[in-house]
Amino acid sequence: MIALGLLTASACCHAAWNLLVKKTARTDPAFVWLCGLVTLPLSVALLIWSGLRGSLGTAWWSGLVSMLLHTTYAVTLQKAYGAGEFLTVYPVSRGVAPVLVTVAAIPWQGWPAARAWGGVVLVVCGVLVMDGLRRHRRMALGLGLGLAVAACTAAYTLWDGFAMTSLGANLVPYLAIASVAQIVMLSTILASRRSELRGVLAHWRQAIPIAILTPASYGLVLLALSVTSVGTVAIGRTLNVVLGAVAGFVVLRERLSRTRLAGLATVVAGVLIVTT
1 MIALGLLTAS
11 ACCHAAWNLL
21 VKKTARTDPA
31 FVWLCGLVTL
41 PLSVALLIWS
51 GLRGSLGTAW
61 WSGLVSMLLH
71 TTYAVTLQKA
81 YGAGEFLTVY
91 PVSRGVAPVL
101 VTVAAIPWQG
111 WPAARAWGGV
121 VLVVCGVLVM
131 DGLRRHRRMA
141 LGLGLGLAVA
151 ACTAAYTLWD
161 GFAMTSLGAN
171 LVPYLAIASV
181 AQIVMLSTIL
191 ASRRSELRGV
201 LAHWRQAIPI
211 AILTPASYGL
221 VLLALSVTSV
231 GTVAIGRTLN
241 VVLGAVAGFV
251 VLRERLSRTR
261 LAGLATVVAG
271 VLIVTT
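So this is what it looks like as structure tokens:
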């Protein structure tokens, strides 16, 4: 029950900040840098506090790996929303990720049951149904980048689950290290584009809610990982697909036809079969 509550709250936060990213219409890493800059003071304070308490442990290096994976995810997600519709990118990226997690975990969790492969087929069919709605470049590009986002999501889900359960990383310094390291890395990469960084500062009002909701949504997932299994978390995160579809239709007024709805339902059904 606790895990379900955490995952429901996470799904609401996640759908909200994804909608905000889509509405900003920004596709540059500088905006990712700005969002990280908003939470930098808190992250530095938490990092210092954790260091004084001696609770860094394995978080210092495992958090750096997480930062690389999450930064790649954030940049890819912006590109995906710039290229495709929210009702294509969001459900595909969130629905396909648990399937990839299940397949990638075969070496240490064993071969999935036969029904799991049936779920994989359902997810693929659901994606293909959505792809067949409007066969044009924007749809295809949005679908392809949505799949790329799913791969990034699967990568950081597997690593963060490993860090929380096997490495015993402490949640607070883990998130703080990842946040601080992201600013350091992006500042170094974008150092030659100072005019662009100064320009993006004007969008701080757009960045604040995203900067708050993003760590909140994933912090809740990490808390859920500490009280339940990765598989259960993957099931719970199918809520994102449903909430995202509703939000895209209601807030962005994107077209939710019967065919697209059928594709979404097929993806959700496939994910539930794979992860149960």
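Residues 1 to 276, numbered by this note's numbering, are exactly what the sequence shown covers, in order.
We treat Cβ as the ideally placed atom computed from N, Cα and C, and that holds for glycine.
How would you label residue i, buried or exposed, when you count the other beta carbons within 10 angstroms and need 16 or more for buried?
i, result
"L100", "buried"
"A148", "buried"
"V233", "buried"
"K22", "buried"
"T165", "exposed"
"E196", "exposed"
"V205", "First, the residue type needs correcting, since residue 205 is Arg and not Val in the sequence shown. Counting Cβ neighbours within 10 Å, R205 comes out exposed, since fewer than 16 surround it."
"Q109", "exposed"
"W17", "buried"
"G161", "buried"
"S192", "exposed"
"A245", "buried"
"L69", "buried"
"P107", "exposed"
"A83", "buried"
"T266", "buried"
"L201", "exposed"
"A45", "exposed"
"S217", "buried"
"V250", "exposed"
"A25", "exposed"
"R258", "exposed"
"L34", "buried"
Please say whether residue j and residue i have beta carbons closer to each other than 8 Å?
i, j, result
"L7", "A224", "yes"
"F31", "A207", "yes"
"L243", "P215", "no"
"T296", "Y81", "As displayed, the chain neither begins before 1 nor continues past 276, which places residue 296 out of reach and without an answer."
"M71", "G146", "Position check: residue 71 holds Thr in this sequence, whereas Met was assumed. Not in contact: T71 and G146 (Cβ atoms no closer than 8 Å)."
"V227", "I2", "yes"
"A9", "S93", "no"
"A247", "A97", "no"
"L20", "I212", "no"
"V103", "P29", "no"
"W159", "V221", "no"
"I189", "G36", "no"
"A269", "L143", "no"
"G63", "V241", "no"
First and last residue of the alpha helix (DSSP H) that includes residue i?
i, result
"N18", "I2 to T24"
"W61", "A59 to A83"
"G54", "Segment: none, G54 is in no alpha helix (DSSP H) and carries neither H nor E."
"G110", "Careful: G110 lies outside any alpha helix (DSSP H) and carries neither H nor E."
"T294", "A query on residue 294 cannot be resolved here, the shown segment of the chain reaching from 1 to 276 and no further."
"T27", "Note, T27: premise wrong, no alpha helix (DSSP H); not H, not E."
"A334", "The chain is shown from 1 up to 276; residue 334 falls before or after that span and cannot be answered."
"A104", "F86 to A104"
"R198", "R194 to V200"
Three or more C-beta pairs below 8 Å linking the region 156 to 171 and the region 25 to 40: no
For the 8 Å Cβ check, are there 3 or more pairs between the region 56 to 76 and the region 110 to 119? no
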